[in-house]
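**Student:** Each number in the numbering used here comes from the position in the sequence shown (counting from 1) with 156 added on.
The beta carbon of each residue, even a glycine, is placed where N, CA and C say it ideally should be.
Quick caveat, the model's predicted, so the values are computed rather than measured.
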Amino acid sequence: MHKDTYVYKCHNCGHSTNIGIFLKDHDEMLHKQWVMERFGKKNDTRPVAQQNFTFEPPKFKSNILARYPKAQDSELCVDYLTKRQIPKKWWKDFYFVEKSQSLSSINYKYNKRVLGNDPRLVLPFFDRQNNLIGITGRALNDSQLRYLTLRFDEEKPLIFNLDKVDFNQPLYVVEGPIDSLFLPNCIAVGGSDFSKVTNEISKSGSTLIFDNEPRNKEIIKKMRSMGDQGYKVCVWPETIKEKDINDMVLNKIPSIVDVINNNTRQGLELSLAINNWSKV
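Below you can see the structure in the form of structure tokens.
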């Protein structure tokens, strides 16, 4: 019997007929039940409730990185961390990949991406709930692509160190994740786009610290923009020649936190300070 047309055929004698006629000829009671059931199905116009399915983006716990060696167990990483004078208390939080292509297996988005074969120091990004939302890998060779960043959750801003800071204490915000390791209670936006912190931190309890680039028109524009929104911004004094905080540490600039605090401005004072600092 064909399930859609209800045509019945005997393959022994070749006789074929409608299933309704077949039932009527052989079992009148069963035929009546079949008619009632089929009539009900055809004429049931009651609306069927639509089901709405929601899918949450996958959350990646920290142990997904356990497949990779810890940075402190890699000679290449230890050499780099030592050279950059990164405090040892952070080493345990980082990982090492011999070939960056191996990172493609962490998330389906990157399964077919060419990520290269450079050895990298891997810094994970977690949200406040300790979910892994991205990583950045610092090349440990002379690769032209110094930083490789992979983002796993497009719904959340990619901010480094969110899982470790105390939001009830004064907060510092810098550009680079490595720079954040030298300041107390510090997060990093992974670039110069500080607008991503607007929904994460308070204006009154935070200080934004851009790299020291007085000839960079884009940086100056962004500093003004964040200042116009009411944020406090550090404007580096002329005595500081280094571009970022890690360079300041390497050149033994004393009391970097004090330098930042003493040169943080807001409102009209900030606007005037940027004018004096700018070289464009």
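Pick from PRO393, SER362, GLU394, GLU398: whose alpha carbon is nearest that of MET382?
**Tutor:** For the residues PRO393, SER362, GLU394, GLU398, the minimum Cα distance to MET382 belongs to SER362.
**Student:** So, are the CB atoms of ASN277 and PHE250 less than 8 Å apart?
**Tutor:** Note that residue 277 is Leu in the sequence shown here, rather than Asn. Yes.
**Student:** So which of PRO333, MET185, ASP349 has the shortest CA-CA distance to PRO374?
**Tutor:** Residue 374 is actually Glu in this sequence, not Pro. Nearest C-alpha to GLU374: ASP349.
**Student:** For the beta strand (DSSP E) containing VAL389, list its first residue and its last residue.
**Tutor:** Counting along the chain, the beta strand (DSSP E) containing VAL389 begins and ends at 388-390.
**Student:** My output table needs one value for LEU259: the three-state DSSP class, helix, strand or coil.
**Tutor:** Of the three classes helix, strand and coil, the one that applies to LEU259 here is helix, per DSSP.
**Student:** Can you tell me which residues form a DSSP beta bridge with GLY290?
**Tutor:** Paired residues: PHE281, ARG307.
**Student:** Please report the distance separating the alpha-carbon of LYS320 from that of GLU331.
**Tutor:** Approximately 17 Å, taken between the alpha carbons.
**Student:** Between the Cα of ARG223 and those of SER261, ILE242, MET192, TRP247, spot the shortest distance and give me the residue it belongs to.
**Tutor:** The residue with the shortest Cα to Cα distance from ARG223 is SER261.
**Student:** How about ASP368 and LYS399: are their beta carbons less than 8 Å apart?
**Tutor:** The question names Asp, yet the displayed sequence has Asn at residue 368. Contact: yes.
**Student:** Could you work out which residue in ASP414, VAL270, LYS265 is closest to LEU301 when comparing CA atoms only?
**Tutor:** Here the closest residue by C-alpha is VAL270.
**Student:** Please classify MET192 as buried or exposed, where buried requires at least 16 neighbouring CB atoms within 10 angstroms.
**Tutor:** With fewer than 16 Cβ atoms within 10 Å of its Cβ, MET192 is classed as exposed.
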